[in-house]
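Notes follow once the structure below has been shown.
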Amino acid sequence: MTTSSTVTSKSASGKIVPVILAGGSGTRLWPLSRNSLPKQFLPLATENTMFQDTLLRAAPGAVFADPVVVANEEFRFFAQRQARAVGIDATVMLEPARRDSAPALIAAAVWVAETYGPETLVLALASDHVVLDPAGFVKTVEIGAEAARLGRIVTFGIEPTEPRTSYGYIRLGAQIDERGSYEVDSFVEKPDRATAERYVAAGYLWNSGNFLFPAGLLLKEADVFEPAIADAARAAVAEAKSDLGFLRLDPAAFKSSPSKSIDFAVLERTRHAAVVRGSFGWSDVGSWDALHEIGNQDERGNVTVGTVQLLDSSNSFVRSDGPLVTAIGLDGVSVIATEDAVLVMPSNRSQDVKALVSALKDSNRKEVEEHLTIHRPWGTYQTVCKGDRFQVKKIVVEPGGILSLQKHHHRAEHWVVVRGTAEVTVADRSYMVHENESTYIPIGSVHRLGNPGRIPLELIEVQTGSYLGEDDIHRFEDIYQRA
């Protein structure tokens with residue numbers, strides 16, 4: 111591995127290494143969660159994003175070492191930027207293609223074993239779950255660590271609050287120790303309602319999908335059950351390269367891996383599985399009704415987020431991330447409003463959002479893919495006005511952000527700085543543009559925009575020309591390697 115000179119200097123000192131899987135894309139929380147900005151990178155339950163809350167639950171300290179984050183290429187800058195925003199130094203490992211959780215987690219285990227040693231404990235966490243009791247979560251992890259150090263792959267089972275059909279279940283076997291670790295008698299797939307009721311009555315636990323294990327043990331079990339995945343993961347790590355602060359797994363090796371979840375690949379087949387009971391207010395936030403359940407309900411059972419005003423309404427969830435939303439006489443209804451889309455449904459139909467999104471995809475609706483605010487490695491832009499032969503955008507460039515050196519064949523641009531300082535390059539000339547100043551970029555001019563300051567740069571861009579599509583960009587140089 112080309113980065114071995116840097117990674118082998120790390121030391122876990124007996125701590126648990128969190129591995130956070132952050133590559134998924136959720137459609138059940140549309141219109142907020144979209145393919146270009148999935149739910150883990152959104153602030154749905156607290157002021158932080160769910161990814162940030164996951165990082166903070168397992169923050170470096172007495173119990174945990176610095177985390178490893180596994181993300182795909184398109185979300186790499188979200189992961190890096192959001193981790194830094196909460197003061198956490200994460201190793202961001204990039205998977206070149208989506209192969210489900212087993213290849214990603216096994217590759218991370220290879221890296222941890224080579225970096226810290228095969229006996230090092232790994233805590234595998236989904237990046238899009240909510241935990242209401244972080245201290246209780248850590249205590250549960252510490253209980254599980256005792257079983258893991260004795261050679262177990264430990265999963266965290268959640269005490270059911272009701273017979274859910276949207277979760278898998280775990281049937282407990284013999285007790286391993288007095289602190290609450292048990293052998294796993296069996297993993298059970300999502301049941302129907304009647305079966306779920308029997309499971310809850312019999313003491314089954316929900317399967318949270320989070321695991322704790324010695325890195326070397328997972329690799330041994332992967333060699334037994336899924337040697338093709340294990341071989342691909344080892345090769346991908348061996349040929350990994352460090353690039354822009356990311357650890358890029360080798361594309362050819364990783365893509366050669368079969369696609370399979372870690373549950374099917376190892377957890378449901380190993381004889382070393384154990385389960386620890388957890389009661390720390392867990393939710394996988396798989397639908398809008400889940401956010402209603404964990405939200406702060408008023409005396410009539412309503413949860414409101416954003417600019418919302420209700421009258422004579424009950425048992426409803428109403429969220430606005432844009433306009434003022436008002437409603438009268440709601441009962442058991444969910445309303446979610448963004449700047450460009452509104453979803454209204456009976457709350458008990460939350461699981462049908464995925465089917466709605468599929469229908470929108472068939473209609474080629476761009477609202478499925480992107481928000482009005484588009485995220486880029488350097489910051490964001492948003493179209494605020496558009497007409498025949500003109501378009502107005504708001505552009506925000508983060509401190510240190512630099513757009514590519516580029517030109518356009520069909521449009522000219524006029525930039526007006528409203529906050530911060532812009533460093534502008536046009537042809538061979540570079541100059542500064544300050545607040546309340548402007549500059550003009552003629553059609554065909556090679557140009558670049560950067561933010562040399564310490565605060566976000568905000569500017570208004572007025573485009574004019576015969577074609578204003580985003581594909582009218584010819585890049586010559588790009589620090590984010592998009593050229």
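So the sequence shown is numbered by the working numbering: it starts at 111 and just counts up by one.
C-beta: ideal position from N, C-alpha, C; glycine also.
- It is roughly 4 Å from the alpha-carbon of Gly411 to the alpha-carbon of Asn425.
- When secondary structure is reduced to three states using DSSP, Glu205 falls in the strand class.
- The three-state secondary structure of Leu440, taken from DSSP, is coil.
- Secondary structure note for Leu328: it is in no beta strand (DSSP E), and the uninterrupted alpha helix (DSSP H) holding it is Ala325 to Phe335.
- The DSSP-derived three-state label of Gly432 is coil.
- Comparing alpha carbon positions, the residue from Pro148, Phe174 and Leu165 closest to Val127 is Phe174.
- For the set Tyr277, Thr483, Asp498 and Arg529, the Cα lying nearest the Cα of Ser143 is the one of Thr483.
- DSSP places Phe161 inside the alpha helix (DSSP H), whose first and last residues are Met160 to Arg167.
- Remark: C-beta atoms of Ala168 and Ile263 do not approach each other more closely than 8 Å.
- An exposed status is given to His519, since fewer than 16 other beta-carbon atoms sit within 10 Å of its beta-carbon.
- The three-state secondary structure of Gln501, taken from DSSP, is strand.
- In this structure, the straight-line span from the alpha carbon of Val502 to that of Arg558 is close to 18 Å.
- Per the DSSP secondary-structure output, Gly388 pairs in a beta bridge with Ile268.
- Secondary structure remark: continuous alpha helix (DSSP H) runs of at least 4 residues inside the stretch 457-481, in chain order: 463-472.
- One Cα belongs to Ala193, the other to Asp431, and the distance between them is close to 23 Å.
- If you draw a straight line from the Cα of Gln407 to the Cα of Arg274, it comes to about 21 Å.
- Only exposed fits Tyr541, as fewer than 16 other CB atoms lie within 10 angstroms of its CB.
- Where Pro177 is concerned, there is no enclosing alpha helix (DSSP H), because DSSP gives it neither an H nor an E.
- Residues of the same chain with a CB within less than 6 Å of the CB of Val415, apart from the 5 flanking positions on each side, are Arg429 in chain order.
- In this structure, Leu440 lies away from Ser460, with their beta-carbon atoms at least 8 Å apart.
- Proximity to Trp221 across Glu349, Leu470, Leu260 and Cys495 peaks at Glu349, based on C-alpha coordinates.
- Buried is the label assigned to Arg344, since at least 16 other Cβ atoms lie within 10 Å of its Cβ.
- According to the DSSP assignment, Ala284 belongs to the beta strand (DSSP E) that extends over Tyr279 to Gln285.
- With a contact defined as Cβ atoms closer than 8 Å, Glu508 and Gly489 qualify at about 5 Å.
- The beta carbon of Val528 sits closer than 7 Å to the beta carbons of Glu545, Glu568, Leu569 and Ile570 from its chain, once the five residues preceding and following it are set aside; these are given in chain order.
- Rounded to the nearest whole angstrom, the CA to CA distance from Glu224 to Ala155 is 36 Å.
- Here Arg381 carries a coil assignment [DSSP, helix/strand/coil].
- In this structure Arg475 is exposed. Its beta-carbon is surrounded by fewer than 16 other beta-carbon atoms within 10 angstroms.
- Bridge pairing for Gly133: absent [DSSP].
- With a 10 Å radius around the Cβ and a threshold of 16 neighbouring Cβ atoms, Arg308 comes out exposed.
- The straight-line gap separating the alpha-carbon atoms of Ser352 and Gly134 is approximately 23 Å.
- Around the CB of Gln150, 16 or more other CB atoms lie within 10 Å, so the residue is classed as buried.
- Annotation: Phe297 to Lys249 spans about 24 Å, alpha carbon to alpha carbon.
- Val251 and Asn158 have their alpha carbons spaced roughly 22 Å apart.
- Between the stretch 207-215 and the stretch 363-379 there are three or more C-beta pairs closer than 8 Å, enough to call the two in contact.
- Taking C-beta atoms as the reference points, Glu523 and Gln573 count as a pair closer than 8 Å.
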